[in-house]
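These notes are about the structure you will find just below.
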Amino acid sequence: MPLLALASNTLFTRALGGWPAVSIDMAKAEAHRLRGLTEQGIDPREGERQQEAAIAAAIAAAAQVEADKVHAVTVGDIWPRYLAEGKPKRKDAWKPGYRASLDVMAAPGGIKKVRGQQLFDAAAQQ
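Structure (structure tokens):
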């Protein structure tokens, strides 16, 4: 059941749905609602465009957040590779004690950090 309406001095036609998916009473109610909007000077198509734009913006924002998560690189991701492949500036820079202290200092959250002699003791235990 089509609807003919005049909004913003422009005549437009709106398909309200086909029978039996949309009953005649439902189509009449929708036509009455749309006609009421146009009589108030409101173009019902503009509201639908804004709603579609808001949905598209929300989908794009969610997709961007997911893309940022996928492409985010953290120090925790790179640190093991750096320890395995890193190149020190001096030949003797990565002595076993220094390497062990790097492992202890890069401990995951929740593990108490230590300094001084305690650091060397913790490194020796690993």
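Residues in the sequence shown are numbered consecutively from 1094, following our numbering. Ideal placement from N, C-alpha and C gives every residue a C-beta, glycine not left out.
Quick check on the burial criterion: 16 or more other C-beta atoms within 10 angstroms. Buried or exposed for residue i?
i	result
V1197	buried
L1176	exposed
P1181	exposed
By the DSSP assignment, the alpha helix (DSSP H) with residue i in it spans what residues?
i	result
V1163	P1137 to H1164
K1121	I1117 to E1132
Residue i to residue j, Cα distance in whole Å?
i	j	result
K1188	L1195	11 Å
A1193	G1169	17 Å
R1183	A1165	31 Å
I1148	A1156	12 Å
A1186	T1167	25 Å
A1142	D1136	Residue 1142 is actually Arg in this sequence, not Ala. Computed Cα separation, rounded: 10 Å.
G1111	L1127	17 Å
L1109	T1131	16 Å
G1134	V1158	39 Å
Y1191	V1163	33 Å
S1116	I1152	32 Å
D1161	G1129	45 Å
M1094	A1120	Any reading at M1094 must be qualified, since the residue scores a pLDDT of 46, below 50, and its modelled position is unreliable; the value itself is stated next. Cα-Cα distance, rounded: 7 Å.
E1123	Q1144	18 Å
Ranges of the alpha helix (DSSP H) found wholly within the stretch 1167-1200, counting only runs of at least 4: Within the stretch 1167-1200, the runs of alpha helix (DSSP H) that reach at least 4 residues and sit entirely inside it are, in chain order, 1168-1178 and 1189-1198.
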